[in-house]
Amino acid sequence: MSVVEPSMHPLDRPIWSALTSRQRALAEGGALALRYPAAVAPFADMVDMSPESFAALGAIMSGSEIAVLFTPDAVTAPAEFKIVLAETGEQMIGTPAESAITGVETVRLGANDVREMMALTELTKPGPFGARTHELGTFLGIRIDGDLVAMAGERMKPANYTEMTAVCVHPSHRGRGYAQLLLGAISRQIVARGEIPFLHVFSSNASAIALYRRQGMEIRRSLHVTVLQKRMCP
Numbered sequence: 007m008s009v010v011e012p013s014m015h016p017l018d019r020p021i022w023s024a025l026t027s028r029q030r031a032l033a034e035g036g037a038l039a040l041r042y043p044a045a046v047a048p049f050a051d052m053v054d055m056s057p058e059s060f061a062a063l064g065a066i067m068s069g070s071e072i073a074v075l076f077t078p079d080a081v082t083a084p085a086e087f088k089i090v091l092a093e094t095g096e097q098m099i100g101t102p103a104e105s106a107i108t109g110v111e112t113v114r115l116g117a118n119d120v121r122e123m124m125a126l127t128e129l130t131k132p133g134p135f136g137a138r139t140h141e142l143g144t145f146l147g148i149r150i151d152g153d154l155v156a157m158a159g160e161r162m163k164p165a166n167y168t169e170m171t172a173v174c175v176h177p178s179h180r181g182r183g184y185a186q187l188l189l190g191a192i193s194r195q196i197v198a199r200g201e202i203p204f205l206h207v208f209s210s211n212a213s214a215i216a217l218y219r220r221q222g223m224e225i226r227r228s229l230h231v232t233v234l235q236k237r238m239c240p
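For my numbering, count along the sequence shown from 1 and bump the result up by 6.
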């Protein structure tokens, strides 16, 4: 049984760590299972993998909602849950190198940009992005001729670490260094607050891993990424 031990590194269970530390105010649930509000992010975790903890997780999920878990060990779910996805991801840590592009500036994104942010993430599939995801931290973008063509931001905040997320570039604007520029800008803000940048990427995404390595990041460890959905009662 995988249990969240007090001595466990905060990045080994980043969702639980975030929801019991700096993002505690967002946490929904109780002692056995916690989640972010559905409109913010689909991430959840449990104190352990006991039947009682799975029952607590199910109690804070409704309808067809999903729960995305990042765990050190593979998840074996009870019969009342369906595993929609079970993959591995790489957790990378480090401060991406700064970069600059002549004539290109980053802009801060907020509530007025949500429609465009969601459209860009729907197109590029960098990971879950909801109507309130931007509330988790700073999001920066690049606009070309008024259109949002690239963005990156902050998501989980476990202990003194801050996750960089939603790193995406419109397909027609790739290869111009926009992702590197945004990663450098986001990481500078994180480091300036005395925090340590990290991110997650699917193990199969070799091109993204190579990009992050070129930026000076290193793989810390692999995690299991599991997407759960409650089975509908007949």
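Backbone N, C-alpha and C define an ideal beta-carbon position, used for all residues, glycine too. Please read all numbers here as calculations on a predicted model, not as lab measurements.
Contact set for residue i: own chain, Cβ-Cβ below 6 angstroms, skip 5 residues either direction
i	result
glutamate 104	Gly190
glycine 147	Val113, Leu115, Leu154 and Met157
alanine 62	Leu38 and Ala39
methionine 162	Pro20, Ala24 and Glu169
leucine 32	Tyr42
Of the listed residues the options, nearest to residue i (C-alpha basis)
i	options	result
alanine 216	Pro102, Val231 and Phe87	Pro102
isoleucine 72	Met55, Asp54, Ser59 and Pro43	Pro43
arginine 28	Gly152, Met52, Glu93 and Glu169	Glu169
valine 254	Ala212, Pro134 and Arg149	Absent from the structure is residue 254, since the part of the chain shown begins at 7 and ends at 240.
isoleucine 99	Met238, Arg219, Phe204 and Met67	Phe204
serine 56	Ile66, Thr82 and Ala65	Thr82
aspartate 151	Asn166, Ala65 and His179	His179
glycine 200	Ala165, Ser68 and Glu34	Ala165
glycine 159	Leu129, Ser193, Tyr167 and Pro177	Ser193
glycine 35	Ala65, Pro16 and Leu129	Ala65
glutamate 202	Ala214, Tyr167, Asn211 and Ala172	Rather than glutamate, the amino acid found at residue 202 in this sequence is isoleucine. The candidate whose alpha carbon is nearest that of isoleucine 202 is Tyr167.
glutamate 128	Met67, Ala172 and Asn118	Ala172
glutamate 122	Gly69, His176 and Val74	His176
Delimiting residues of the beta strand (DSSP E) encompassing residue i
i	result
proline 57	No beta strand (DSSP E) contains proline 57, which is instead part of the alpha helix (DSSP H) from 57-65.
threonine 77	72-77
isoleucine 89	87-99
valine 173	167-175
leucine 40	39-41
Check whether residue i and residue j have beta carbons under 8 angstroms apart
i	j	result
glutamine 195	threonine 144	yes
glutamine 235	lysine 88	yes
histidine 206	phenylalanine 49	no
valine 90	valine 233	yes
cysteine 174	leucine 142	no
arginine 226	glutamate 86	no
proline 78	aspartate 18	yes
valine 110	alanine 137	no
Residue i: CB within 7 angstroms of a non-hydrogen atom of the ligand FAD
i	result
leucine 63	Absence of the ligand FAD is noted for the structure shown, with no ligands found whatsoever.
Range of the contiguous alpha helix (DSSP H) that encloses residue i
i	result
glycine 190	184-198
serine 23	20-25
Helix, strand or coil at residue i according to DSSP, with G and I counted as helix
i	result
methionine 157	strand
aspartate 51	strand
leucine 205	strand
threonine 130	helix
glutamate 146	Reading the sequence as shown, one finds leucine at residue 146 and not glutamate. Correct three-state label for leucine 146: strand.
glutamate 224	strand
methionine 238	coil
arginine 121	helix
methionine 7	Because the pLDDT of methionine 7 is 42, which lies under 50, any placement of that residue in the model is unreliable, and the number read from its coordinates should be weighed accordingly. Reduced to three states, the DSSP call for methionine 7 is coil.
glutamate 104	coil
threonine 139	helix
histidine 15	coil
leucine 229	strand
arginine 180	coil
Beta-carbon contacts of residue i that lie in its chain and below 8 angstroms, excluding the five residues immediately before and after
i	result
isoleucine 107	Arg182, Gly183, Tyr184 and Leu187
valine 228	The amino acid at residue 228 is misidentified as valine; the sequence shows serine. Hits under 8 angstroms: Thr94, Gly95, Glu96, Gln97 and Ser209.
glutamate 224	Met98, Ile99 and Gly100
alanine 80	Ala92, His230 and Thr232
arginine 149	Val113 and Val155
Cβ of residue i within 8 angstroms of any chain D Cβ
i	result
isoleucine 148	The structure shown has no chain D; it contains just one protein chain.
Contacting residues, own chain, Cβ-Cβ under 7 angstroms from residue i (five flanking each side not counted)
i	result
glutamine 221	Pro102, Ala103, Gln186 and Leu189
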